[in-house]
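**Q** Per my numbering, the sequence shown starts with residue 1, numbered consecutively.
C-beta: ideal position from N, C-alpha, C; glycine also.
Every value quoted in this text rests on a predicted model; they were computed, and no experiment measured them.
Below you will find the structure I want to go over with you.
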Amino acid sequence: MQSLQELYKIGNGPSSSHTMGPKRATEIFKNKYKDATKFKIILYGSLALTGKGHLTDSIIKKTLDGYEVEIEFDKKTECRIHPNTFDIFAYKEGKLLDKWRVFSVGGGTFKVEGGKDIVFKDIYPQKNFKEIKEYITQNNIDLYDYVCLMEGKEEIIEFLRKVWEAMQNAIQNGLNSTGIIPGKLKLQKRANKIYENKLNFETNDIKKTRLLSSYAYATSEENASGGIIVTAPTCGACGVLPAVLYYMKHEYNIEDTEIIKALAVAGIIGNVVKTNASISGAECGCQAEIGTACSMAAAAAAYLFKQDIDRIENSAEVAMEHHLGLTCDPIYGYVQIPCIERNAVAALRALDAATLSLMLEKNKKIPFDLIVETMYETGKDLGKHYRETSEGGLAKKYCRNKYFNKEMKD
């Protein structure tokens, strides 16, 4: 497994696979051919179908500012290896210098066909949760100690400190922001209203829903507006983990040092999914994004509840299991509907999964690795129109509804 620094990435939304991944690949390619006079990009699959709404073309043009840039949306060519595929060509005075075929595999990570020049090294020898669990049990350490041992304690703590700072800033900025989220949906920002809407009969449960939802909305609205967020594990699912951690910090009076440890634990869960399945909505539906985020948050909460490795695993498994089959169907390709609300629901479910695991037997019949494998197979079985194409599900129904079409024209 790769470093957590390849999982948590601080950057602009709205999409890790549609903006962060293409941006990073384009930057590296550009720096390799600084003397080029023109770059051409051909987007395929999900990048072509939802690239406009996800600002793929905008981020590429910004990255290649100062050069002649040609971008083509190829919506017909079939993507055989990964649905987030694009070609990038470098030319000098009409002569082709080089070409890369890039796969944006989710979470801002990309691969180049043939492995040209780009190698992100594995630093964790363990490949799945079973192997990790065996290792920490044999060495009498916990998941946080394991991360520090593999990553280097000082370096990873400093990195996670910055991650946590960025997560908190996103929540605070989102809570203080009002107005319309960019895009033709003209969606009103709601985080502030949810946070301020204290009901006269507010119980502890209602308060929990109000706060968790407002924090998740705040981060997700920042993401949809192109603000600075952290992939956890992706931009589209960036609101779940910060919401749970921020809530627990303030409601349970947990120190930042403990939150950073919980981020490490959550990162391991995300890494297991990323390594053995997928965190890409275009590859496996929203279960790969929101489902993974919910598992990460549930594991982090269980750790903060001072639970052992078995209950942490139970929490992550419960969270993922009940997202199986969740489709990725963003309306008009924007990371807005149903994405923002989905982050809030998953944040609530994550904390529930962690508390439910306290009441269950330690050794459940379904291990986390099995549910990850199941999620991956389920994702592959989903019709491709349910995998971030905006051609199925809610996206299709909304656009075909005459009332809403009239609303958009007005």
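What does the Cβ neighbour count give for L360, buried or exposed, with the cut at 16 atoms within 10 Å?
**A** L360 is classed as exposed because its beta carbon has fewer than 16 other beta carbons within 10 Å across all chains shown.
**Q** Given a threshold of 16 other Cβ atoms within 10 Å of its Cβ, counted over all protein chains shown, does A395 qualify as buried or as exposed?
**A** buried
**Q** According to DSSP, is S104 helix, strand or coil?
**A** strand
**Q** So is K411 buried or exposed if we call it buried at 16+ other beta carbons inside 10 Å?
**A** Given a span of 1 to 410 for the chain in the structure shown, any question on residue 411 remains unanswerable.
**Q** Could you check what DSSP says for T355 in three-state terms: helix, strand or coil?
**A** helix
**Q** Touching or not, the region 6–21 and the region 221–238, by the rule of three or more beta carbon pairs under 8 Å?
**A** yes
**Q** Using the Cα positions of R80 and K249, report the straight-line distance between them to the nearest angstrom.
**A** 44 Å
**Q** Which residues mark the beginning and the end of the beta strand (DSSP E) in which N12 is found?
**A** I10 to N12
**Q** Would you list the one or two residues that DSSP bridges to Q188?
**A** Paired residue(s): I180.
**Q** Excluding sequence positions up to five away, which residues of its chain have a Cβ less than 6 Å from the Cβ of G53?
**A** Y332, G333 and Y334
**Q** Cα separation between D352 and I340?
**A** Computed Cα separation, rounded: 19 Å.
**Q** Which residue's Cα is closest to the Cα of I194: S213, K306 and I268?
**A** When only C-alpha atoms are compared, the closest one is S213.
**Q** Among residues of its own chain, excluding the 5 on either side of G51, which ones have a beta-carbon nearer than 8 Å to its beta-carbon?
**A** So the list reads H18, L43, D57, F73 and G333, once near-sequence residues are dropped.
**Q** Counting beta carbon pairs with one atom in the region 342–358 and one in the region 232–243, are three or more of them shorter than 8 Å?
**A** Output reads yes: the region 342–358 touches the region 232–243.
**Q** To which residues of the same chain is Y67 closer than 8 Å at the C-beta, ignoring the five residues directly before and after it?
**A** Same-chain partners within the cutoff: K30, A36, T37, K38 and F39.
**Q** On the criterion of 16 or more Cβ atoms from any shown chain inside 10 Å, does L7 qualify as buried, or is it exposed?
**A** buried
**Q** On the DSSP bridge assignment, give the partners of I41 in chain order.
**A** I71 and I88
**Q** Cutting at 6 Å between CB atoms, please list the residues of its own chain near K23, excluding the five before and the five after it.
**A** I59 and T63
**Q** Secondary structure at L308, three-state DSSP: helix, strand or coil?
**A** The question names Leu, but residue 308 in the sequence shown is Asp. DSSP places D308 in coil when its eight states are reduced to three.
**Q** Using the Cβ count rule (16 or more neighbours within 10 Å means buried), how would you classify Q188?
**A** exposed
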